[in-house]
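So the structure is just underneath, and the comments pick up after that.
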Amino acid sequence: MSVLLQAILNGVMTGTLIAVPAIGFTAIFAVLRYPSFAIAAYVTVGGFAGWFANSLWGAGVLPALAIAFLVAGAAGVATEEGALRRLRPAGALTVAIATIAANLILENVTRFLFGNDLRGYDLPLRPDLRFADLRIGPQQIENVLLAILVMAAVFAFLRFTRYGKAMRAVADNIDLARLKGIDPQRVAVTTLFLGAGLAGVGGVLLAVDTSIDPLAGARILLTVFAAAVLGGLGSIPGAVVGAFAVGIAEELSLLAVPATYRSAIGFAAILLMLTFRPRGILGERAS
Amino acid sequence: MVAYLLFALTLGGIYGLLALSLNLIWGGAGMVNLGLAGFFAVGAYASAIVTGAGAPVPVGLAAALLAGVAAGLVVTFSTLRLRDDYLAIVTLGFAEVVRLVALNERWLTNGSDGISGVPAPFKAALGIAGFNLFYLALVSGIVLVVWALLRRLDGSPFGRALKAIREDQELAGFAGKPVLRFKLQAFAVSAAVAGLAGALYGHYQTYISPDHFQPLITIYIFLAVSAGGVGRPSGALIGAYGVVFFLEATRFVAEVVPALQPVQVAALREMLVGAALILVFYLRPQGVLPERIPPAPRMS
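Protein chains in written order, with the numbering used here: chain A, 40 to 326; chain B, 169 to 468.
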C-alpha cells in the first residue's frame with residue numbers, strides 16, 4: 040500500500056514539474072497554431088542559465104528561476120523573430136519542422152558553451168522527510184511549491200491583465216481579436232516570451248531535482264507532449280491536468296516496467312488518448 | 169580516397185532511399201514523419217535479427233519492408249483522422265520508443281552493445297574492395313528501382329489523388345477519394361522504404377547499435393528533401409547526395425576554426441545542419457528541382 044502511495048506522491052511531484060513547460064508548449068500552440076519542438080531547447084537553455092547564475096554568483100533557486108525565465112523567454116522571442124516568423128505564411132507544418140532545426144541549433148549552443156557533462160546546482164543538502172512510510176525531499180517540496188506559485192502567476196496573468204486577455208482572445212479567434220484592435224504580432228511575441236520562459240523555469244526545477252546537460256530538455260519532451268495532448272492541445276488548464284495524469288501514470292507503471300521505459304509511458308498515453316478521445320480531457324476539436 | 173568516395177556514395181544512396189520515403193508522404197500527401205530515424209532503425213534491426221537467425225539476406229530485406237509497414241500502421245492508426253500536427257508528435261515519440269526498446273530489450277537487440285556480425289553479402293568472396301564496389305552497385309540499383317517506381321506512382325491516379333489530399337483534404341473527400349485509405353497506404357509504403365534503407369545500412373556496416381539511429385538522421389533527411397525539392401522524387405535524391413556531401417564538407421570546420429574542443433566542433437557541425445535547414449526554407453523553399461505542376465486541362 041505504501042509503495043502505491045509513494046508512487047502517487049512521486050507522480051504528483053513529477054506532474055507539477057512537467058506542468059510548467061507543458062503550459063508553455065500548449066500556450067504557444069494555442070496562439071501561434073504550431074507545435075514548437077524547440078520547447079526542449081528552451082528547457083535546456085533555462086536550466087543552464089539558472090545553473091550559471093547559481094555556480095557563478097551563488098544565486099539561490101528563486102533568483103535562478105527568474106534569470107532562467109528571462110533568458111529562455113528571450114531565446115524564444117529571438118528564435119521566433121529571427122527565424123520562424125517569416126515562415127508562418129508557409130504553414131504550420133513548415134514552422135514546426137523549422138522549430139526542430141531551431142531546437143538543434145539552441146541545443147548545440149549550450150553544448151558549445153558548457154560541454155556534454157551533467158551539471159548539478161550547488162544547493163545545501165538536506166535529509167529526506169518521512170511521514171509514516173513515505174519519503175520526500177525538502178527540495179522536492181520546495182520545487183512543488185515554486186511550480187504551483189508560477190502556475191498561479193500564469194493563471195492570474197491570463198485572467199486579469201490586458202496581455203493575458205489579449206492572448207486568450209487571439210487563441211480563441213484571431214480574426215475577431217484583430218477586429219477588436221488587438222495586434223496579433225505583439226500577442227505572438229508575448230506568448231513566445233511567456234511560453235519559452237515557462238519552459239526555462241521548468242528547466243531549473245528539473246535541474247535542481249536532478250542535473251542539467253544539453254539533452255535534458257530533449258529527454259522530457261515526450262512527457263511534455265503527452266501532458267499537452269492528454270489535457271487537450273492548446274488548453275492551459277488541460278496541460279496542468281494532463282501533466283498530473285502523465286506524472287502519476289509514469290510513476291505507477293514504473294512499478295511494473297523498468298525505469299528506462301519512463302518516456303515510453305508518455306508515448307503510450309498519447310496513442311491511447313488520440314485513439315479514444317483525440318481532443319483530450321479539456322481540449323477542443325482535434326480534426 | 170577511392171574507398172572514401174565509395175562509402176560516401178553508398179551512404180548517399182541509403183539517405184536517398186530515406187529521402188524518397190519522406191518525399192512520398194510529405195511531398196505527396198502533406199504528412200510528415202519526424203520519426204524517420206525510428207523506421208530506419210526498425211528495418212535495420214528486423215533484417216539483422218532475421219539474418220542472424222540464419223535466413224538469407226533477401227529474406228532479411230523482405231522482413232525489413234514488412235517491419236516498416238507494421239510500424240507505419242502503428243503510428244498512423246490513431247492519428248490519421250486528426251490534424252497533421254498530431255502525426256508529427258506521434259512519429260517523433262515513436263522514434264524515441266524504438267530507441268528505448270533497442271537499448272533495453274537485450275534478448276532481442278543486444279542492448280547498447282548492438283548487433284555485430286550482420287551478414288554482408290558476398291564479402292568473403294569479393295574481398296573488401298570488391299565488396300564496397302558491389303554494395304555501391306547494389307544500393308544504387310535499388311535506389312534507381314525505387315525512384316523509378318515512385319516517379320511512376322507520382323504521376324499515377326493514386327499519386328495525383330495524394331496531391332489533391334495534400335492541397336485540400338476535404339475537397340478530395342468530396343470528390344470521392346478515399347482520403348484515409350490513401351493516406352494510410354502512402355504512409356505504409358513510405359515506412360517500408362525507410363525500413364529497406366535501414367536493412368541496407370545494417371548489411372553494409374555489419375554492425376548496428378542504438379547509437380546509429382540518432383534523431384539527427386531525421387533532420388538530415390528533411391534537409392535533403394526540402395533542399396532537393398519537396399514533391400519531386402528526383403529532387404529528393406539529389407538532395408540526399410547533396411546532404412552527404414555537405415555533412416562531409418562540415419568536417420573541415422575543425423580546420424577552419426582552430427583551438428576548439430572536439431565537443432565544440434561537433435556542436436558547430438550540428439548547428440550548421442540546423443541553420444542550413446532554416447536557410448533552405450527561407451531562400452529556396454521549392455528546392456533545387458521544384459515540383460512540376462501540370463496545368464489543368466482546358467475546358468472544351
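Glycine is no exception: its CB is placed at the ideal position from the N, C-alpha and C atoms.
Does residue i come within less than 7 Å of chain B when only Cβ atoms are used?
i	result
residue 136(A)	yes
residue 124(A)	no
residue 300(A)	yes
residue 264(A)	yes
residue 83(A)	no
residue 254(A)	no
residue 91(A)	no
residue 132(A)	yes
residue 314(A)	yes
residue 144(A)	yes
residue 151(A)	yes
residue 155(A)	yes
residue 64(A)	no
residue 278(A)	no
Counting contacts by CB-CB distance shorter than 7 Å, is residue i in contact with chain A?
i	result
residue 449(B)	yes
residue 244(B)	no
residue 203(B)	no
residue 432(B)	yes
residue 253(B)	yes
residue 256(B)	yes
residue 222(B)	no
residue 435(B)	yes
What residues in its chain sit with their C-beta under 7 Å from that of residue i, if we drop five residues either side in the sequence?
i	result
residue 226(A)	70, 205, 206 and 209
residue 66(A)	230, 233, 234 and 275
residue 172(A)	41
residue 244(A)	56, 59, 182, 185 and 186
residue 160(A)	90, 93, 246 and 247
residue 286(A)	50, 51, 53, 54 and 57
residue 269(A)	281, 284, 285, 308, 312, 319 and 320
Which class does residue i belong to by DSSP, given the choice of helix, strand or coil?
i	result
residue 202(A)	helix
residue 73(A)	coil
residue 246(B)	coil
residue 292(A)	helix
residue 310(B)	helix
residue 406(B)	helix
residue 251(A)	strand
residue 320(A)	coil
residue 287(A)	helix
residue 376(B)	strand
residue 461(B)	coil
residue 258(A)	helix
residue 61(A)	helix
residue 428(B)	coil
residue 41(A)	helix
residue 272(A)	coil
residue 343(B)	coil
residue 52(A)	helix
For the alpha helix (DSSP H) holding residue i, just list the boundary residues, first then last.
i	result
residue 388(B)	384–396
residue 78(A)	78–96
residue 229(A)	223–248
residue 454(B)	From DSSP, residue 454(B) is part of no alpha helix (DSSP H); its letter is neither H nor E.
residue 314(A)	301–315
residue 325(B)	325–335
residue 356(B)	347–373
residue 211(B)	204–220
residue 215(A)	213–218
Spatial neighbours of residue i within its chain, please: CB distance less than 6 Å, with the 5 preceding and 5 following residues excluded, ordered by chain position.
i	result
residue 124(B)	This structure cannot speak to residue 124(B), because chain B is shown only from 169 to 468.
residue 304(B)	174, 177 and 178
residue 370(B)	212, 215, 216, 286 and 376
residue 358(B)	189, 192 and 193
Return the chain-ordered list of same chain residues with a C-beta closer than 8 Å to the C-beta of residue i, the five sequence neighbours on each side being excluded.
i	result
residue 196(A)	202, 203 and 233
residue 449(B)	394
Confirm the yes/no value for this check: CB of residue i, any heavy atom of the ligand HEM, distance under 6 Å.
i	result
residue 257(B)	With respect to the ligand HEM, the structure offers nothing, as it holds no ligand at all.
#### Entry: Whole alpha helix (DSSP H) elements within the segment 115–192 of chain A, 4-residue minimum
Taken in chain order, the whole alpha helix (DSSP H) runs of length 4 or more contained in the segment 115–192 of chain A are 131–153.
### Message
Please give the ranges of any beta strand (DSSP E) in the segment 173–202 of chain B, keeping only runs that are unbroken, at least 3 residues long and fully inside the region.
### Response
As far as the segment 173–202 of chain B is concerned, it has no whole beta strand (DSSP E) run of at least 3 residues.
### Query
Enumerated in chain order, which unbroken segments of the alpha helix (DSSP H) with a length of 4 residues or greater are wholly contained in the segment 230–302 of chain B?
Whole alpha helix (DSSP H) segments, 4+ residues: 252–272 and 274–277.
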